[in-house]
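Each remark here refers to the structure printed beneath this line.
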Amino acid sequence: MGEQVGRAPRGDDAAWWRGAVIYQVYVRSFADGNGDGTGDLTGVREHLEYLRDLGVDAIWFNPFYVSPLADGGYDVADYRAIDPAFGTLDQAEQVVREALELGIRTIIDIVPNHVSDQHPWFQAALAAGPGSPERARFWFRPGKGDHGDEMPTHWVSSFQGSTWTRTTNPDGTPGEWYLHLFTPEQPDLNWNHPDVRREHEDILRFWFDRGVAGVRIDSAALLIKDPALPEVPDNPGPGEHPHLDRDELHDVYRSWHAIADSYEGNRVLVGEVWLEDPERFARYLRPDEMHTAFNFDFMSRCWDAKELRESIELTLAAHGLVGAPATWVLSNHDVTRPVTRYGRAESSFAFDAKRSGTPTDPALGVRRARAAALLVAALPGSLYVYQGDELGLPEVEDLPAAAIQDPMHFRSHGVDPGRDGCRVPLPWSGTATPFGFSPAGTTSAPWLPQPTDWADLTVAAQESDPASMLRLYRAAFAIRQNEPDLGDGPMVWITTGGDAVLAFARGPRFACVVNLGNEPVELPAHDHCLLASGPLDDGRLPRDTAAWLRLTVRDPAPVTT
Ligand code: NOJ
Numbered sequence: 004m005g006e007q008v009g010r011a012p013r014g015d016d017a018a019w020w021r022g023a024v025i026y027q028v029y030v031r032s033f034a035d036g037n038g039d040g041t042g043d044l045t046g047v048r049e050h051l052e053y054l055r056d057l058g059v060d061a062i063w064f065n066p067f068y069v070s071p072l073a074d075g076g077y078d079v080a081d082y083r084a085i086d087p088a089f090g091t092l093d094q095a096e097q098v099v100r101e102a103l104e105l106g107i108r109t110i111i112d113i114v115p116n117h118v119s120d121q122h123p124w125f126q127a128a129l130a131a132g133p134g135s136p137e138r139a140r141f142w143f144r145p146g147k148g149d150h151g152d153e154m155p156t157h158w159v160s161s162f163q164g165s166t167w168t169r170t171t172n173p174d175g176t177p178g179e180w181y182l183h184l185f186t187p188e189q190p191d192l193n194w195n196h197p198d199v200r201r202e203h204e205d206i207l208r209f210w211f212d213r214g215v216a217g218v219r220i221d222s223a224a225l226l227i228k229d230p231a232l233p234e235v236p237d238n239p240g241p242g243e244h245p246h247l248d249r250d251e252l253h254d255v256y257r258s259w260h261a262i263a264d265s266y267e268g269n270r271v272l273v274g275e276v277w278l279e280d281p282e283r284f285a286r287y288l289r290p291d292e293m294h295t296a297f298n299f300d301f302m303s304r305c306w307d308a309k310e311l312r313e314s315i316e317l318t319l320a321a322h323g324l325v326g327a328p329a330t331w332v333l334s335n336h337d338v339t340r341p342v343t344r345y346g347r348a349e350s351s352f353a354f355d356a357k358r359s360g361t362p363t364d365p366a367l368g369v370r371r372a373r374a375a376a377l378l379v380a381a382l383p384g385s386l387y388v389y390q391g392d393e394l395g396l397p398e399v400e401d402l403p404a405a406a407i408q409d410p411m412h413f414r415s416h417g418v419d420p421g422r423d424g425c426r427v428p429l430p431w432s433g434t435a436t437p438f439g440f441s442p443a444g445t446t447s448a449p450w451l452p453q454p455t456d457w458a459d460l461t462v463a464a465q466e467s468d469p470a471s472m473l474r475l476y477r478a479a480f481a482i483r484q485n486e487p488d489l490g491d492g493p494m495v496w497i498t499t500g501g502d503a504v505l506a507f508a509r510g511p512r513f514a515c516v517v518n519l520g521n522e523p524v525e526l527p528a529h530d531h532c533l534l535a536s537g538p539l540d541d542g543r544l545p546r547d548t549a550a551w552l553r554l555t556v557r558d559p560a561p562v563t564t
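Take 4 as the starting number for the sequence shown in the numbering used here and just add one per residue.
Dropping the structure here:
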């Protein structure tokens with residue numbers, strides 16, 4: 004089933020990805036179809052109509068491959084098979100097909116920087132020993148110092164701690180070290196090795212052959228290392244960092260782009276590219292490389308008009324350099340949930356600053372998260388929604404210690420709470436855990452415990468509450484689907500309401516206005532309000548509220564007889 008079939012969601016089909024709403028499914032926590040407390044593909048299939056009704060154009064699945072789950076599936080042991088906890092390859096193919104029948108495309112997650120330490124290649128490398136061709140696919144090195152007991156470099160892991168682990172020889176003596184930018188269970192591949200390139204090109208084809216519309220590329224700026232393995236300089240210039248944003252990376256993505264292009268149906272590459280320099284970021288989005296990449300700058304900013312305006316301008320300018328559409332991301336499976344983050348004085352996101360125990364005003368967080376949802380849904384480009392954000396789920400900050408699974412928590416020696424708090428299984432219905440996450444009568448508890456007070460946050464409860472977050476998201480996406488000027492295209496700032504207001508027009512008839520100040524503001528001249536994130540105050544826009552406005556009088560409705 005190499006061909007993409009089904010209803011084109013909206014707009015120009017060839018450019019679907021330029022303005023799509025993409026919903027991120029963290030399979031383990033979405034819905035449990037078989038009653039073992041872990042989400043699975045059966046659960047996803049059972050809720051595809053929910054996603055259609057929400058109004059999304061595509062799903063992005065976090066890794067669902069065979070994995071020991073040392074890092075939630077980002078430690079892949081077999082890229083061509085589904086982990087039995089999540090289902091089977093047949094079920095994956097069924098999901099892709101069934102989603103497409105509802106007009107929803109599928110994007111899968113490719114993890115090229117590292118494999119699981121249980122992957123056959125790594126096991127073979129350990130067994131084969133120093134100097135072997137099997138080890139050449141990874142970064143094995145002797146240690147430094149007289150006894151080889153000093154690690155080859157002092158590179159620091161983004162999961163904290165060192166990036167090298169020493170092996171043990173078959174005779175029990177200490178052996179070589181191997182590189183892992185994340186956990187020791189995730190050895191880094193050597194992208195200078197032709198086997199590694201060939202294998203990943205083949206994996207891409209394997210999944211494109213199964214009808215997926217795109218791939219999300221994990222850790223996309225990390226793959227290539229300087230083979231000399233130098234230390235990280237103090238202020239590396241462009242392309243000088245030994246394991247980040249190396250110039251040689253672009254050839255990899257050019258070859259992947261060519262593979263995507265060789266398929267029918269506009270298959271796309273979406274990069275996870277964490278780079279501060281917008282110009283270096285944009286290089287990945289040149290026309291023959293990735294199609295889009297996550298824009299993390301926006302979510303790394305505080306709830307502050309100046310900050311957000313600067314981020315929007317930087318983002319659009321950088322993307323404009325290469326003609327790529329921007330993406331907007333409020334959160335994902337690595338990030339503190341927006342309703343919690345925006346309820347804090349310091350509301351930006353930073354990896355090393357997950358702040359549990361920080362004073363949080365939940366009502367303020369919800370108000371701002373609602374406004375943020377309308378803001379990002381009106382900005383030019385595509386939009387990512389992490390499962391549960393459409394329900395306004397908060398970060399779960401009181402998970403019992405015994406439940407925590409995230410290696411970030413353990414590698415920080417418990418200082419970082421880790422990312423489990425945004426990965427708690429979704430509440431679908433009912434008044435007590437598992438809140439419809441698992442089938443009725445299931446005895447296995449959800450793999451992470453849900454808070455007992457989530458009854459008001461379930462899908463069922465929110466469907467019948469016109470003021471709920473879910474109803475706001477549905478209304479926004481319904482408008483977006485029918486509003487030709489939303490999604491991809493230009494925007495123009497509007498001056499109104501002072502410095503604390505962000506306002507912009509999309510085409511002649513649509514405006515979005517967000518009040519980030521403390522006082523209500525007058526709205527610019529408009530015909531009527533299409534949607535607001537909260538009640539207006541006598542026609543004025545209250546603080547932490549967004550409104551979508553119809554700017555001119557609508558054309559008269561056609562007369563039907
Ligand atoms: C980024 C993923 O989003 C994160 O969850 C994962 O831990 C790292 N890459 C390593 O694969």
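Backbone N, C-alpha and C fix where the C-beta goes; we use that ideal spot for every residue, glycine too.
Taking C-beta atoms as the reference points, glycine 439 and serine 432 count as a pair closer than 8 Å.
Inclusion of alanine 329 and glycine 384 in the CB contact set at 8 Å is warranted, their separation being smaller than that value.
Within the chosen limit of 7 Å, ligand 1 does not reach the beta carbon of phenylalanine 67 with any heavy atom. Tyrosine 181 and serine 135 have their C-alpha atoms roughly 14 Å apart. In the DSSP annotation of this structure, the continuous segment of the alpha helix (DSSP H) that includes proline 365 starts and ends at 365-381. When secondary structure is reduced to three states using DSSP, proline 177 falls in the strand class. At a cut-off of 7 Å, the beta-carbon of phenylalanine 185 counts as near ligand 1: some heavy atom of the ligand is closer than that.
In this structure, ligand 1 has no non-hydrogen atom nearer than 7 Å to the beta-carbon of aspartate 423. DSSP, read as helix, strand or coil, puts asparagine 518 in strand.
Beta-bridge pairing by DSSP links phenylalanine 143 to Tyr181. Under the three-state reduction of DSSP output, glutamine 94 falls in the helix class.
Residue burial annotation: lysine 228 is buried, with at least 16 other C-beta atoms found within 10 angstroms of its C-beta. Distances taken from the Cβ of glutamate 275 to the heavy atoms of ligand 1 include one shorter than 7 Å. Taking the C-beta atoms as reference points, threonine 186 is found nearer than 8 Å to aspartate 74. The beta carbon of valine 379 is closer than 7 Å to those of Trp331, Leu333, Leu386 in its chain, skipping five residues each way along the sequence. Looking from the CA of phenylalanine 33, the closest CA among Leu226, Glu393, Arg213 belongs to Glu393. Taken atom to atom, the span from the alpha-carbon of glutamate 179 to that of arginine 144 is near 5 Å. The way I'd put it, the region 420-435 does touch the region 396-409; three or more beta-carbon pairs between them come closer than 8 Å.
If you check the C-beta of serine 334 against ligand 1, you find no heavy atom less than 7 Å away. In this structure, glycine 164 has its beta carbon at no less than 7 Å from each heavy atom of ligand 1. Counting the other CB atoms within 10 Å of its CB gives aspartate 540 a total below 16, which places it among the exposed residues.
For tyrosine 82, the three-state secondary structure derived from DSSP is strand. Proximity of the region 365-373 to the region 451-468 falls short of the contact definition, fewer than three beta-carbon pairs being nearer than 8 Å. Each residue's CA atom was taken as its position, placing histidine 531 and leucine 552 some 6 Å apart.
At least one heavy atom of ligand 1 lies less than 7 Å from the C-beta of valine 114. Counting along the chain, isoleucine 25 sits inside the beta strand (DSSP E) bounded by residues 24-28. Between ligand 1 and aspartate 221, a heavy atom-to-CB distance of less than 7 Å is present. Threonine 295 is positioned such that its CB atom lies no closer than 8 Å to that of alanine 261. In this structure, the straight-line span from the alpha carbon of tyrosine 53 to that of glutamate 234 is close to 49 Å. Of the other Cβ atoms in all chains shown, 16 or more fall within 10 Å of the Cβ of aspartate 86; this residue is therefore buried.
Judged by DSSP in its simplified three-state form, glycine 274 adopts strand.
The beta-bridge partner set that DSSP reports for aspartate 112 consists of Arg219. Placement of the Cβ of glycine 391 at a distance of 7 Å or more from every heavy atom of ligand 1 is found. Within 10 angstroms of the beta-carbon of threonine 455 lie fewer than 16 other beta-carbons, which makes it exposed. In the assembly as shown, histidine 416 is an exposed residue. Its beta-carbon has fewer than 16 other beta-carbons within 10 Å.
Where leucine 544 is concerned, there is no enclosing beta strand (DSSP E), because DSSP gives it neither an H nor an E.
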